[in-house]
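In my numbering, the protein residues as written are 28 to 341.
Just so it is clear, CB atoms sit at the ideal spot from N, CA and C, and this is done for glycine as well.
All values derive from a computational prediction rather than experimental measurement.
For reference, the structure is listed below as structure tokens.
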Amino acid sequence: MIIDTHLHPTNLVDEAWRHTGTPFTGERMLKLMDGPYMINGKPRRIDMGFIQPPPGNTGYRDGNRKGRDGIRDYMAYCAELCQTYPDRFIGNFNYNPRWGPENGAAELEFHVKEYGFKMLKLHANMHGYRPDRALDWLRPAMKKCAELGVVVLIHTGDGPYTIPTMFYPIIREFPMVNFIIGHFGIQTGGNYSFESFWMAMDTPNVYCESGWCFQSRIVEFAQQLPKNKIVFGTDSPPNDPGMWLRELEVLCKDPPHGINLSEEYLEGYLGNNIAKLVGIDPSPPPRDVKDAQARLKDSYAGVDRATGRHLEFA
Numbered sequence: 028m029i030i031d032t033h034l035h036p037t038n039l040v041d042e043a044w045r046h047t048g049t050p051f052t053g054e055r056m057l058k059l060m061d062g063p064y065m066i067n068g069k070p071r072r073i074d075m076g077f078i079q080p081p082p083g084n085t086g087y088r089d090g091n092r093k094g095r096d097g098i099r100d101y102m103a104y105c106a107e108l109c110q111t112y113p114d115r116f117i118g119n120f121n122y123n124p125r126w127g128p129e130n131g132a133a134e135l136e137f138h139v140k141e142y143g144f145k146m147l148k149l150h151a152n153m154h155g156y157r158p159d160r161a162l163d164w165l166r167p168a169m170k171k172c173a174e175l176g177v178v179v180l181i182h183t184g185d186g187p188y189t190i191p192t193m194f195y196p197i198i199r200e201f202p203m204v205n206f207i208i209g210h211f212g213i214q215t216g217g218n219y220s221f222e223s224f225w226m227a228m229d230t231p232n233v234y235c236e237s238g239w240c241f242q243s244r245i246v247e248f249a250q251q252l253p254k255n256k257i258v259f260g261t262d263s264p265p266n267d268p269g270m271w272l273r274e275l276e277v278l279c280k281d282p283p284h285g286i287n288l289s290e291e292y293l294e295g296y297l298g299n300n301i302a303k304l305v306g307i308d309p310s311p312p313p314r315d316v317k318d319a320q321a322r323l324k325d326s327y328a329g330v331d332r333a334t335g336r337h338l339e340f341a
């Protein structure tokens, strides 16, 4: 299966990205995930995705409830989607320590046990703290991640607070927790992809998310990184998943654009690597076009929602 580590559905307008002023709902997200997307000549969909609210909507605003109630409010829509579409969405808890570190840790545990969340997101820029100096703000949640087996996704790539190496103190303090460097260290105004690469090379519990990285760098890094160290993530919306799928698919091509990667290893990048980290059974790639079509016809993606009829693929 294909699993996207980085999705932001919302029933409110995203205060940071806006999305033309229309909420990008879970149903819109499913349509985006369904594609189909052609990978090595086979029609595929994004089978599952980790969902979190847009970080711009997770700060305090006048009129919001405070403490655990406020956290539960901003996570409510994603929790609802995980219950409505449990075969498609996996919860990612957006941790803002400014609502109270202990409150956040308690709500993380609640969302893991109540809704099956498997990931936690850190966004130090949006929430305004230096991760290398705010360790007391991070420790309560990291202890829960260690206890509950939760993977941590870190927003990185822009200053002042999300340069990848700024997270080394907390990563080293919690070697039993798996950390994913979001955006491969690339975002607005920064390219820390080489930092991210060496962190993943040198640190057993560090992985890199493919989205936002330059295609030529992905080719370079994939040649050296252990095959389990790259996971697929798109940050959609505003990004289109197809371009990041293509960035990984091209690894199966001849050099210099690819590295003659096998479809088995590609399937690791597309979903099996993150599946293994969170306890989901990995799956083999489709054997051929006919197998890929059959999988889509047996799935939500293979049905026209307006008519209920199975989609046909040329």
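Alpha-carbon spacing of residue i relative to residue j, whole angstroms
i	j	result
L323	R71	7 Å
F221	G90	43 Å
L162	D100	25 Å
P187	D315	47 Å
A43	K317	42 Å
G127	Q250	42 Å
G329	I29	Reliability fails at G329, whose pLDDT of 43 lies under 50, so the model's placement of it is uncertain and no value is given.
L39	A302	29 Å
V15	C240	With the chain covering 28 to 341 only, the question about residue 15 has no answer from this structure.
V179	V139	13 Å
D281	N287	5 Å
P196	K148	17 Å
H33	R125	22 Å
E141	K69	37 Å
P313	A321	9 Å
G155	T111	33 Å
M153	Q214	13 Å
G232	E174	Looking at the sequence shown, residue 232 is not Gly but Asn. Going by the C-alpha atoms only, they are around 15 Å apart.
A333	A227	Its pLDDT being 39, under 50, A333 is placed unreliably by the model, and nothing is read from it.
T47	D267	15 Å
D41	G86	12 Å
V277	R92	47 Å
R45	P265	9 Å
G184	M169	21 Å
C279	R273	10 Å
Y219	W271	18 Å
E136	C172	9 Å
G6	L108	This structure gives no information on residue 6, because the portion of the chain shown stretches from 28 to 341.
M56	H182	21 Å
G346	T189	Given that the chain is displayed from residue 28 to residue 341, the structure contains no residue 346 and the question cannot be resolved.
W225	F248	10 Å
Per DSSP, the bridge partner or partners of residue i
i	result
E107	E107 pairs with nothing; no bridge assigned.
Q320	According to DSSP, Q320 bridges with nothing at all.
V178	M146
I207	L180 and Y234
D89	D89 is not bridged to any residue.
I190	Answer is none; I190 lacks a bridge partner.
L278	DSSP output for L278 lists no bridge partner at all.
V258	E236
D31	G76
M65	P70
Proximity below 7 Å, CB of residue i to CB of residue j
i	j	result
M146	N123	no
S237	I208	no
S223	P191	yes
N130	P80	no
M203	P158	no
F211	C235	yes
With 16 other Cβ atoms within 10 Å as the buried cut-off, status of residue i
i	result
S243	exposed
K58	exposed
H284	exposed
D74	buried
P36	buried
E294	buried
D262	buried
E200	exposed
A341	Note that A341 scores a pLDDT of 36, beneath 50, so its modelled location is shaky and nothing firm can be said.
A319	buried
G306	exposed
Nearest-angstrom Cβ-Cβ length linking residue i and residue j, presumed shorter than 8 Å
i	j	result
A133	R166	Actually they do not touch by this definition, with Cβ atoms about 14 Å apart.
G76	M60	6 Å
D114	F259	About 18 Å; that fails the 8 Å criterion.
N67	E290	6 Å
I78	F51	Contact flag wrong, Cβ pair sits at about 11 Å.
L297	L275	6 Å
S310	N299	7 Å
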